[in-house]
DNA sequence: CATCATAGATAGTTGCGCTATCGGATAGCG
DNA sequence: CGCTATCCGATAGCGCAACTATCTATGATG
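Chains as they are written, first to last, in full-length UniProt numbering: chain R, 1 to 230; chain U, 1 to 230.
Now the structure itself:
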């Protein structure tokens, strides 16, 4: 098929397809003449994958290029491809370097050791975790750390489910793709599920019970900023 | 304190602080004269919260303004504030309207019913979930749906832990803040944990051998994107 | 053969999160 | 009182990311 049909079938505008080709997300079509290229089902699949990673996964175009690059790289140890892909799925930005960051890093290392996880210090996921924990500390919610074990339990449940899913995929290429998709879209799925469960749990605990405690009329003290002395 | 000190204490540049004030993320300082404003600890706290939501949570400035607006809104039923805040924590963009989207919506509604969750159809989280599932279908991974129950189990575990945490916070304002922080930063925490567990499980199943991945290499300068594959 | 689509190249647009600069006011010190 | 550092508020500009539009030469197609 030609680019117009590819566009119609995926809903992606032609100029955008060209842009993705330029950025290395999508292989160029096969040229039959200097201005005629043909695309196939692989392009359709790839394009849908790109849009999914972009729109649902929230990945940046450059990150997608890297992930797909690792995916496509032939003749490479499987676990390396998986690792390379996984390493590109995290957050951007450098970690800051204050007391909170250091303490958070310690907590993460202890957690990893305690769980017996196969991970090293440089793992981007570990860095992301430390960053998040440091941010929690900085906003005065260091107590959140107490939930870490429960979070980790749940994370293991999900990770095991993911692996079981991936494990029953067929050939290697699909397997790698499954990991990428599972990691990125699975995160979106879990995030939404968590918020759903949150709303429900919140409704059970607070809804209607605390409702009456708000005073009517503008007797609210300070305005604008939430300031009160604890 | 004046804006210079606020800047020093939070690491946020003065022009950026002004920008946040303009955007409604941060209340203006109290004017003592036409060109002199004073800031207090509440501003420091708020600023740290903003940076956390921005950098770790990945929220957009406009979304943060909405969330904080709901947080600050006085004299409003607690569960409504919580709901309003939670509703703004999701993804942007409208859902598409194809066969996959419809099927995914069905699956979500059945899941919600089966779980007995208190959720309405318009819940943004439900929409996000449907979007993610539809995307999975489109890339040929509809089989991922089979993991939904396990995912939901894990989500309930996390949600319960969150609620238990929130429940032991004191006054209402802090409680709302806890929900926001727990939801946003908790997501970052879980995401990183999941990837950590993933790497570990993956190594067990596929790696056989644990090899080096991204090498630390170099000093603590900002790392960002390591581009080489040893 | 007339029209349409296409490849490839380059330039422009939009949105976002800042950042720089300017024209006045003070603050605070000697 | 003078002096400098700082501040406020407003406006304009910057840099990046993800497209989008336009142009030319060429080939496809009925």
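Glycine included, each C-beta is placed from N, C-alpha and C at the ideal position.
All values reported here derive from a predicted model rather than from experimental measurement.
Between the segment 47 to 66 of chain R and the segment 17 to 24 of chain R, do three or more beta carbon pairs fall short of 8 Å? Touching, yes.
Roughly how many whole angstroms lie between the Cα atoms of residue 232/U and residue 119/U? The structure shown does not extend to residue 232/U, since chain U spans only 1 to 230, so no value can be given for it.
May I ask which residues mark the beginning and end of the alpha helix (DSSP H) holding residue 79/U? For this step, residue 79/U is matched to residue 79 along the second chain. Where residue 79/U is concerned, the enclosing alpha helix (DSSP H) stretches over 78 to 87.
Where residue 8/U and residue 45/R are concerned, what is the direct C-alpha to C-alpha distance, given to the nearest angstrom? Along the second chain, one-based indexing puts residue 8/U at 8. Along the first chain, one-based indexing puts residue 45/R at 45. Separation of residue 8/U and residue 45/R (C-alpha to C-alpha, rounded to the nearest whole angstrom) is 50 Å.
Based on Cα-Cα distance, which residue from 51/R, 86/R, 125/R, 5/R lies nearest to residue 40/R? Numbered from its first residue, the first chain carries residue 40/R at position 40. Put simply, of 51/R, 86/R, 125/R, 5/R the residue whose alpha carbon is nearest the alpha carbon of residue 40/R is 5/R.
Could you give the residue range of the alpha helix (DSSP H) that holds residue 187/R? Here residue 187/R corresponds to residue number 187 of the first chain, with the count starting at 1. Taken as a continuous stretch (DSSP letters only), the alpha helix (DSSP H) holding residue 187/R covers 172 to 205.
Residue nearest to residue 54/R in terms of C-alpha spacing, selected from 43/R, 89/R, 70/R: As a position in the first chain, residue 54/R is number 54, starting the count at 1. Nearest option by C-alpha distance: 89/R.
Spatial neighbours of residue 67/U within its chain, please: C-beta separation below 8 Å, excluding the five flanking residues on both sides. The residue labelled residue 67/U in the question sits at position 67 within the second chain. Counting only Cβ-Cβ distances below 8 Å, and skipping sequence neighbours, we find 53, 59, 85, 88, 89, 180.
Is there a Cβ of chain R sitting closer than 7 Å to that of residue 59/U, yes or no? Working through the second chain from its first residue, we reach residue 59/U at position 59. At least 7 Å separates the CB of residue 59/U from every CB of chain R.
Enumerate in chain order the residues of its own chain whose CB-to-CB distance from residue 183/R is below 7 Å, with the five nearest sequence positions on each side excluded. What you label residue 183/R is simply residue 183 of the first chain in a count that begins at 1. 86, 89.
What residues of chain U sit near residue 156/R, judged by a beta carbon separation below 7 Å? Your numbering for residue 156/R matches position 156 in the first chain. Contacts between residue 156/R and chain U, judged by CB atoms closer than 7 Å, involve 197 in chain order.
Whose Cβ in chain R lies nearer than 9 Å to the Cβ of residue 183/U? In the second chain, residue 183/U corresponds to position 183, counting from 1. Those within 9 Å of residue 183/U in chain R are 194, 195, 198.
CA-CA distance, residue 108/U and residue 199/R? The residue you call residue 108/U lines up with position 108 of the second chain. The residue you call residue 199/R lines up with position 199 of the first chain. Linking residue 108/U to residue 199/R through their CA atoms gives a straight-line distance of about 15 Å.
How about residue 16/U: is its C-beta nearer than 7 Å to some C-beta of chain R? The residue you call residue 16/U lines up with position 16 of the second chain. No, because no Cβ of chain R sits closer than 7 Å to the Cβ of residue 16/U.
Measure the alpha-carbon distance for residue 159/R versus residue 197/U and round it to whole angstroms. Position 159 of the first chain holds residue 159/R. Position 197 of the second chain holds residue 197/U. When only Cα atoms are considered, residue 159/R and residue 197/U end up about 6 Å apart.
Quick check on this structure: which residue in 134/R, 142/R, 106/R, 188/R has the alpha carbon closest to the alpha carbon of residue 144/U? As a working note, residue 144/U is residue 144 in the second chain. The option with the nearest alpha carbon to residue 144/U is 188/R.
Beta strand (DSSP E) segment containing residue 241/U, residue limits: Residue 241/U falls outside the range modelled here, since chain U spans only 1 to 230, and no answer is possible.
Between the CA atoms of residue 73/R and residue 164/U - distance to the nearest angstrom: Sequence index remark: in the second chain, residue 164/U carries index 164 (1-based). Sequence index remark: in the first chain, residue 73/R carries index 73 (1-based). Approximately 46 Å, taken between the alpha carbons.
Counting only the same chain and skipping the five closest in sequence on each side, list residues whose C-beta sits under 8 Å from that of residue 47/R. Here residue 47/R refers to the residue found at position 47 when the first chain is read from its first residue. Scanning its chain for C-beta atoms nearer than 8 Å, with the 5 sequence neighbours on each side dropped, one finds around residue 47/R the residues 6, 10, 12, 17, 20, 26, in chain order.
Helix, strand or coil for residue 25/U per DSSP? For the purposes of this step, residue 25/U is identified with residue 25 of the second chain, where counting begins at 1. Residue 25/U falls in the coil class under three-state DSSP.
In this structure, what does DSSP give as the bridge partners for residue 30/R? As a working mapping, residue 30/R is identified with position 30 in the first chain. According to DSSP, which records beta bridges pairwise, residue 30/R is partnered with 38/R.
Comparing the C-beta of residue 10/U with each C-beta of chain R, is any distance below 7 Å? Against the second chain, residue 10/U aligns to sequence position 10. Closer than 7 Å: no.
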